[in-house]
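Asks:
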Amino acid sequence: PLKQSLSYSFVERLIELQNHARQKEGKPLFYHADVLGLLSHPYILESDPSRIVRMQEEIVRNRRITVAAEWLACTPLLATLFRSVEGWRGFSDYLLAVIAQIARMPYEDTEARRRVEFLNVISEEVIKLRNSLNNCEIELSISIYTSLLRRHLQTLRIPYEGEPLEG
Numbered sequence: 001p002l003k004q005s006l007s008y009s010f011v012e013r014l015i016e017l018q019n020h021a022r023q024k025e026g027k028p029l030f031y032h033a034d035v036l037g038l039l040s041h042p043y044i045l046e047s048d049p050s051r052i053v054r055m056q057e058e059i060v061r062n063r064r065i066t067v068a069a070e071w072l073a074c075t076p077l078l079a080t081l082f083r084s085v086e087g088w089r090g091f092s093d094y095l096l097a098v099i100a101q102i103a104r105m106p107y108e109d110t111e112a113r114r115r116v117e118f119l120n121v122i123s124e125e126v127i128k129l130r131n132s133l134n135n136c137e138i139e140l141s142i143s144i145y146t147s148l149l150r151r152h153l154q155t156l157r158i159p160y161e162g163e164p165l166e167g
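Going by full-length UniProt numbering, the sequence shown opens with residue 1, and the numbers climb by one from there.
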């Protein structure tokens, strides 16, 4: 099942990050627990381990409750990740942009093919859901959109391809 994959947990963390995001003086702020959760996710941590560990340590050391997007945006990936979104269409665009950037990253582990495949499935499903909602011509809140997206992604199964087990 897709819901038991790292890719799904990554999307869940993105949803929570945006659910708890706030604005102060027109600048986006993110809740520290969501930020630390995303920074510790393997997809993000592998992008620049030393910098990200330093960022995590600074957030904890300074006991930050909220973290400014401008402070977090020190790499192109983190700038894409830590930005606020408006409306469900904006959230859909945000998910697609983040997933595309993660899928393009070079990976050294043997799970790279599976990771990209799972991310592609999620992207396709985000696009399908968006197209379906556009055809309905109804306006949704981000919370309803994320609820529909979660429910849909939790039902997906990705067929396993590989050598059969001997036994």
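Don't be surprised by glycine CBs; every beta carbon is placed ideally from N, CA and C.
Computed from a predicted structure; not experimentally measured.
Given this structure, state the Cα-to-Cα distance separating Arg-64 from Leu-14, to the nearest angstrom.
Replies: For the purposes of this step, residue 64 is taken as residue 64 along the sequence shown, with counting starting at 1. For the purposes of this step, residue 14 is taken as residue 14 along the sequence shown, with counting starting at 1. Taking the straight line from one Cα to the other gives about 19 angstroms.
Asks: Specify the secondary structure class of Phe-30 as computed by DSSP and reduced to three states.
Replies: Within the sequence shown, numbered from 1, the residue matching residue 30 stands at position 30. Correct three-state label for Phe-30: strand.
Asks: So, for Ala-79: in the same chain, excluding its five sequence neighbours on each side, which residues have a beta-carbon less than 6 angstroms away from its beta-carbon?
Replies: Taking the sequence shown and counting its residues from 1, the one referred to as residue 79 is at position 79. Closer than 6 angstroms at Cβ, skipping near neighbours: Ala-73.
Asks: Compute the Euclidean distance between the alpha carbons of Leu-133 and Arg-114, then round it to the nearest angstrom.
Replies: In the sequence shown, the residue the question calls residue 133 occupies position 133. In the sequence shown, the residue the question calls residue 114 occupies position 114. Taking the straight line from one Cα to the other gives about 29 angstroms.
Asks: Does the beta-carbon of Ile-144 have 16 or more other beta-carbons within 10 angstroms, so that it is buried, or is it exposed?
Replies: For the purposes of this step, residue 144 is identified with residue 144 of the sequence shown, where counting begins at 1. Answer is exposed; the Cβ neighbour count stays below 16.
Asks: Jot down the residue ranges of each uninterrupted alpha helix (DSSP H) in the region 33-99, minimum 4 residues, whole runs only, in chain order.
Replies: Entirely contained in the region 33-99, the alpha helix (DSSP H) runs reaching 4 residues are, in chain order, 42-45, 49-61, 69-72 and 76-81.
Asks: Please name the residue or residues paired with Gln-18 in a DSSP beta bridge.
Replies: Counting from 1 along the sequence shown, the entry for residue 18 is found at position 18. The partner list for Gln-18 (beta bridge, DSSP) is empty, contrary to what the question assumes.
Asks: Tell whether a beta-carbon distance below 8 angstroms holds between Ser-123 and Leu-96.
Replies: Locating residue 123 in the sequence shown gives position 123, counting from the first residue. Locating residue 96 in the sequence shown gives position 96, counting from the first residue. Cβ distance < 8 angstroms, so Ser-123 and Leu-96 count as in contact.
Asks: How big is the Cα-Cα spacing for Ala-100 and Asn-62?
Replies: Mapped onto the sequence shown, residue 100 falls at position 100. Mapped onto the sequence shown, residue 62 falls at position 62. So the alpha carbons of these two residues sit roughly 32 angstroms apart.
Asks: With 16 as the cutoff for other CB atoms within 10 Å, does Thr-146 come out buried or exposed?
Replies: Locating residue 146 in the sequence shown gives position 146, counting from the first residue. Its Cβ being crowded by 16 or more others within 10 Å, Thr-146 is buried.
Asks: So is Arg-151 buried or exposed if we call it buried at 16+ other beta carbons inside 10 Å?
Replies: In the sequence shown, residue 151 corresponds to position 151, counting from 1. Exposed, since its Cβ has fewer than 16 Cβ neighbours within 10 Å.
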